[in-house]
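For the sequence shown, the positions run 1 to 152 when UniProt numbering is used.
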Amino acid sequence: SWSVHKHQIFYQLLVFLRPSPGHSFILEEDTLGQQPEPCSYIRVELECTCSREHLMALTWCFVHSTDKKLPKDQRSPLLRTLCTGFLLEVQRIASWVQHLVEAAWWRLPHWPHQHLRVLPSSRSCKFLLIGPSHRQSCIELFFALQQGSSDN
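So this is what it looks like as C-alpha cells:
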C-alpha cells in the first residue's frame with residue numbers, strides 16, 4: 001500500500017519468504033493449538049536432496065552432509081544466517097535484508113541522486129529515500145509466509 005502525508009510518500013510492501021532448496025518452513029502452533037504471531041515460530045527443516053543432487057549436480061544435501069564436524073543447524077547457510085537453532089528469526093531477516101539493500105544501493109546507477117538512510121526497526125525493514133529536491137519516500141518491508149501452495 002502507499003499513502004502521502006505532507007511531503008512524504010509512504011510505501012508498505014509485503015515480502016513473502018520462500019525456503020531455499022533443501023529447506024522447508026513449518027509454521028508452529030502454540031501449545032493451545034492457536035496460530036502464533038506472524039513469523040514468531042517458524043521452524044526450518046532440512047530436506048534430503050540426494051536424489052535431486054544427481055539430476056542437477058548443483059544441490060548440496062544438508063541432511064547427509066559429509067562434514068560431520070558441524071552440527072546440523074550449522075551446515076546450512078540459511079540456518080547459520082537467519083535462524084537461532086532451527087527457528088527462523090524475523091529480526092535476523094530484517095537485519096540481513098537491510099545490509100543487502102545498503103550494499104546493493106551503491107551499485108545502482110541512480111544512487112548519486114537519491115540518498116538512502118536505513119531507519120531503525122527490528123521486525124521489518126525501513127528505508128528513507130531523499131531525492132535531489134528533498135522529496136522523501138519512506139519504504140517499509142514486512143515479511144510473511146504464504147499459506148498453502150507456493151505455485152500461486
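Think of the CB as a built atom: it goes at the ideal place given N, C-alpha and C, for glycine as much as any other residue. In this text the structure is predicted, and so the values were computed from the model without any measurement.
Considered as a whole, the region 91-148 harbours 115-119, 125-130 and 136-145 as its complete beta strand (DSSP E) runs of no fewer than 3 residues, in chain order. Per DSSP, the unbroken alpha helix (DSSP H) holding ARG80 starts and ends at 77-82. Between GLY22 and THR49 the beta-carbon gap is near 5 Å, inside 8 Å, which marks them as a contact. Bridge partners of ARG18 according to DSSP: none are assigned.
Spatial neighbours of VAL63 in its own chain (CB-CB distance under 6 Å, excluding positions within 5 residues in sequence) are listed in chain order as LEU46 and CYS48. Rounded to the nearest whole angstrom, the CA to CA distance from ARG107 to HIS115 is 13 Å.
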